[in-house]
Amino acid sequence: MNTSRRNCLETTIHGVLVEVFGCGILITGDSGTGKSELALELVSRGHFFIADDSVHLQRTATQTLQGGSPLFGAGCFMEIRSLGIVNIARLFGQHAVKPSTHLQLIVHLQQEDTVEKALQDRLNGNWAAARILGIELPEISLLLAPGRNLAVLLECAVRNYQLKLKGYTAAEEFMNWQQALLMQQGHST
Numbered sequence: 193m194n195t196s197r198r199n200c201l202e203t204t205i206h207g208v209l210v211e212v213f214g215c216g217i218l219i220t221g222d223s224g225t226g227k228s229e230l231a232l233e234l235v236s237r238g239h240f241f242i243a244d245d246s247v248h249l250q251r252t253a254t255q256t257l258q259g260g261s262p263l264f265g266a267g268c269f270m271e272i273r274s275l276g277i278v279n280i281a282r283l284f285g286q287h288a289v290k291p292s293t294h295l296q297l298i299v300h301l302q303q304e305d306t307v308e309k310a311l312q313d314r315l316n317g318n319w320a321a322a323r324i325l326g327i328e329l330p331e332i333s334l335l336l337a338p339g340r341n342l343a344v345l346l347e348c349a350v351r352n353y354q355l356k357l358k359g360y361t362a363a364e365e366f367m368n369w370q371q372a373l374l375m376q377q378g379h380s381t
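For the sequence shown, our numbering begins at 193 and goes up steadily by one.
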């Protein structure tokens, strides 16, 4: 394979790669937004750590993205502000670390003051689409604010995404329920 062909099939992205409920998640955001701390919390909750800071993504023959650490053996290490470098396999056991995962969802950490209130979709969430190596992936923005439990929010986003893949949308069910309630109230008056 020539070099130019290989380069269009792989890339390295700034972020943290984890696997939550069997779903490969790329956590992105500006420097200092807490990507590594969120990954650490997810690992402490039983999820898998793949790569920190530098995530190597490769487009596969099946038109999916496989992600891992760009350096062999670096997938155990994470840099946590104030703590320095930690070895996830030594802290949590080798079972907490995987060499790679199939990327399915991007979670972008965003300061709340950088998002216009008008752009927030309170019914469906802050979903968008991102394209990496020509493959479109769903992306959700989680707003950073004091007291928010980002690990629980990310887990909820993953479960919600998995339900969407099965054809279920909570917002749609809610709107149908509300419509039925309004119609019922209209008939009773």
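In this text, a Cβ means the ideal position worked out from N, Cα and C, and glycines have one as well.
Since we're looking at a predicted model, the values are computed, not measured.
Would you kindly work out how many angstroms separate the C-alpha atoms of residue i and residue j, rounded to a whole number?
i	j	result
Glu202	Leu373	51 Å
His287	Gln377	54 Å
Gln258	Ser246	14 Å
Ser228	Ala253	30 Å
Pro450	His379	Not covered by the structure: residue 450. The range shown for the chain is 193 to 381.
Glu328	Glu211	19 Å
Leu283	Phe269	10 Å
Asn368	Val278	48 Å
His206	Ala231	14 Å
Val299	Ala322	11 Å
Leu336	Leu218	17 Å
Gly326	Ala320	16 Å
Lys358	Glu365	14 Å
Leu249	Met375	50 Å
Gly260	Leu209	7 Å
Ala310	Gly285	In this predicted model, Ala310 has a pLDDT of only 47, less than 50, meaning its place in the structure is not dependable enough to derive any value.
Gln370	Arg314	16 Å
Which partner residues of residue i appear in the DSSP bridge assignment?
i	result
Ala422	This structure gives no information on residue 422, because the portion of the chain shown stretches from 193 to 381.
Met300	Here the sequence assigns His to residue 300, which means Met is not the residue at that position. Its beta-bridge partners are Thr220, Ser333.
Val208	Ile219, Asp244
His294	Gln258
Compute the beta-carbon to beta-carbon distance between residue i and residue j, rounded to the nearest angstrom, for a pair I have assumed lies under 8 Å.
i	j	result
Pro330	Tyr360	With a Cβ gap of about 15 Å, Pro330 and Tyr360 do not count as contacting.
Ala363	Asn316	5 Å
Leu297	Val350	7 Å
Asn318	Ile332	6 Å
Leu301	Leu334	6 Å
Inter-stretch contact at 8 Å, needing at least 3 Cβ pairs: the region 231 to 244 / the region 291 to 308: Here the region 231 to 244 makes contact with the region 291 to 308; the two share three or more CB pairs at distances below 8 Å.
Runs of beta strand (DSSP E) wholly within the region 211 to 291 (minimum 3 residues, chain order): At a cut-off of 3 residues, the continuous stretches assigned as beta strand (DSSP E) that sit fully inside the region 211 to 291 are 215 to 221, 240 to 251, 257 to 260, 269 to 272, 276 to 279.
Sufficient close CB pairs (3 or more, under 8 Å) joining the region 267 to 277 to the region 216 to 228: Touching, per the Cβ criterion.
Ranges of the alpha helix (DSSP H) found wholly within the region 336 to 370, counting only runs of at least 4: Counting only runs that start and end inside the region 336 to 370, the alpha helix (DSSP H) elements of at least 4 residues fall at 342 to 357.
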